[in-house]
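**Student:**
Residue numbers (UniProt numbering), protein chains in the order written: chain A, 1 to 268; chain B, 1 to 268.
1. For the beta strand (DSSP E) holding residue 16 (chain A), just list the boundary residues, first then last.
2. The beta strand (DSSP E) with residue 215 (chain B) in it runs from where to where?
3. Tell me whether residue 234 (chain A) is buried or exposed, calling it buried when 16 or more other Cβ atoms sit within 10 Å of its Cβ.
4. Can you list, in chain order, the residues of the segment 158 to 182 of chain B whose Cβ is nearer than 7 Å to any Cβ on chain A?
5. Can you grab the Cα-Cα spacing for the pair residue 231 (chain B) / residue 241 (chain B), in whole Å?
6. Relative to the C-alpha of residue 150 (chain B), which residue among B:261, B:254, B:11 and B:15 is closest?
7. According to DSSP, is residue 48 (chain A) part of a helix, a strand, or is it coil?
8. Provide the residue span of the alpha helix (DSSP H) that contains residue 199 (chain B), from first to last.
9. For residue 38 (chain A), would you say it is in contact with chain B, using Cβ-to-Cβ distances shorter than 8 Å as the test?
10. Looking only at its own chain, which residues have a Cβ that is under 8 Å from the Cβ of residue 152 (chain B), when we skip the five neighbours before and after it?
11. Helix, strand or coil for residue 250 (chain A) per DSSP?
12. With a threshold of 8 Å between beta carbons, is residue 78 (chain A) in contact with chain B?
13. With residue 228 (chain B) as the anchor, note down where its alpha helix (DSSP H) starts and where it stops.
14. Just reading off the beta strand (DSSP E) that residue 265 (chain B) is part of, what are its end residues?
15. Taking contact to mean at least 3 C-beta pairs separated by less than 8 Å, is the segment 77 to 85 of chain A in contact with the segment 181 to 194 of chain A?
16. Specify, as a first and last residue, the run of the beta strand (DSSP E) that residue 191 (chain B) falls within.
17. If residue 227 (chain A) and residue 190 (chain A) are in contact, beta carbons under 8 Å, what's the gap, nearest whole angstrom?
18. Just to confirm my understanding: we take residue 68 (chain A), look at its own chain, exclude 5 residues before and 5 after, and list those with CB closer than 8 Å. What are they?
19. Would you verify that the beta carbon of residue 135 (chain A) is, or is not, closer than 8 Å to some beta carbon of chain B?
20. Can you tell me the Cα-Cα spacing of residue 56 (chain A) and residue 127 (chain A), whole angstroms?
21. Taking C-beta pairs closer than 8 Å, name the residues in chain B that residue 156 (chain A) reaches, listed in chain order.
22. Determine the burial state of residue 264 (chain A): buried for a count of at least 16 other Cβ atoms within 10 Å of its Cβ, exposed for fewer.
23. For the alpha helix (DSSP H) that contains residue 29 (chain B), what are its first and last residues?
24. Should residue 129 (chain B) be labelled buried (16 or more other beta-carbon atoms within 10 Å of its own) or exposed?
25. Shorter than 8 Å from the beta carbon of residue 195 (chain B) to some beta carbon of chain A?
26. Hey, does residue 187 (chain A) have any beta-carbon neighbour from chain B nearer than 8 Å?
27. Please determine, among B:73, B:147 and B:53, the residue with the shortest C-alpha to C-alpha distance to residue 87 (chain B).
28. Residue 136 (chain A) by DSSP, collapsed to three states: which one?
29. Just the Cα atoms here: how many angstroms apart are residue 252 (chain B) and residue 238 (chain A)?
30. What's the gap between the Cα of residue 246 (chain B) and the Cα of residue 33 (chain B)?
31. Is residue 228 (chain B) near the ligand HEM - that is, is its Cβ less than 7 Å away from at least one heavy atom of it?
32. Thinking C-alpha only, which one of B:43, B:196 and B:201 is nearest residue 144 (chain B)?
33. Determine contact between the segment 211 to 226 of chain A and the segment 207 to 216 of chain B, defined as no fewer than three beta-carbon pairs at a distance below 8 Å.
34. Between residue 204 (chain A) and residue 266 (chain A), what straight-line distance do the alpha-carbon atoms span, to the nearest angstrom?
35. Please confirm whether residue 8 (chain B) and residue 47 (chain B) have their CB atoms less than 8 Å apart.
So, in structure tokens, the structure goes:
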């Protein structure tokens, strides 16, 4: 109810991982909710099912929520046809059609459904800008060869984005060792670790060109450091202002300890 | 020496695998040569080192060779700086610069060096057309969903080609599960096997757009069948007339036995 003390609250739609807790820490009394089966780390969350999305959104608005922000990774949930309420069921053809068009289309449609229900969907750049490092080298040292690899990888990701494929690539000495696809960054880095004999190179992360930046921003955290070290890369670079650095102090310390650079890289 | 019985011979530059033997079977008394360390299967080959390429090419011409054909996969060999002869050493800056520009540039430069030495470089389409199946379904059955996956994968490979990345992709239900990079097809399929939970989908193979078709055509053989079966795909499709089907009878029988389709697919 607008005008009550609870009005203008923010709801965090939490995915798995620690991002939701970090976003919540910067907000005043947010509601934290997560899809059943995708509980976030480090913070309690109420759960909802996609099959009952409309009643869930109505419930948020009844509690004074005017704005939602997506925080964290969600995989496509399995849907139980018997669990739908009638209003959400009506959205199924729309969601199914969007899913067939790929991840970007599915996420854009999800945002549209929230907005149609009367909620503003904000991005992390607006709600939690402190989590998105501006340009700068945050750990280690970057060489000219690393810069060239990052530039090449950025070109690969930009080109792939037109195909709605991944947000990442691994380039070493100008050669593309791996490209991120559906299985994600960790799987790509494990592939790199297993399939290469040398060392060096860069993990590059960036949103897909044309992606809605209010959802599914790339994220780098302590786990990424371990995976990049195992893949024998020199460091991690990302498009400045367009990726989340999780657990910043710990991630930076882990990068220094592993001899890896962390580079929030300005556009070429 | 032109005019002698030995004139107009063809030399097969063999990579590893069985392709060179299949090419040789269709030719009259070819010379078969392989880089040291990359011996082909099923046929004897003389060896040469890249550091002594010019004397090797001169030797071929002395024996009446006028035409060479590349047959099989060659990885970048390690070069021993002490092993160079003076003429080949002069080519090193040219080769090194091409290598830095990626695989396609390196292979184009290699072809140019053969041609500069006075040898014609022919493609498999000219020398061994019987190894490149024309359009048709060679094993199993293809559904509309498989066709859509193949079409999508063809689009992925065509787009990646502009970046000189791989010749293959795996698409299932419209989703890109894997993209071929430096480690090659077998590594991509192993990644797919390890990272997926479902089944279905297509392995697509095609040359990179703009690639010189006289070298490094995609090849499908019995090993590919095993790898595709382990990745739980429905089958293999490739750009008709632009990929080699190795060990045809055995590969087709293996595909049928594994319930996989083999599809030499015309362009969209």
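Idealized CB from N, CA, C, for every residue including glycine. Just so it is clear, the structure is predicted and the values come from calculations on it, not from any experiment.
**Tutor:** On the basis of the coordinates in this document:
1. Taken as a continuous stretch (DSSP letters only), residue 16 (chain A) belongs to no beta strand (DSSP E), as it is neither H nor E.
2. Where residue 215 (chain B) is concerned, there is no enclosing beta strand (DSSP E), given that its DSSP letter is neither H nor E.
3. buried
4. 159, 162, 163, 165, 174, 175, 176, 177, 178, 179, 181 and 182
5. 25 Å
6. B:261
7. strand
8. Neither: residue 199 (chain B) is in no alpha helix (DSSP H) and is coded neither H nor E.
9. no
10. 171, 174 and 176
11. helix
12. no
13. 222 to 230
14. 261 to 265
15. no
16. Unbroken run through residue 191 (chain B) is the alpha helix (DSSP H), 185 to 195; no beta strand (DSSP E).
17. 7 Å
18. 10, 11, 12, 13, 60, 114, 119, 120, 121 and 122
19. no
20. 22 Å
21. 163 and 165
22. buried
23. Note, residue 29 (chain B): premise wrong, no alpha helix (DSSP H); not H, not E.
24. exposed
25. yes
26. yes
27. B:53
28. strand
29. 45 Å
30. 19 Å
31. In terms of ligand content, the structure shown is empty, and the ligand HEM therefore cannot be addressed.
32. B:201
33. no
34. 12 Å
35. no
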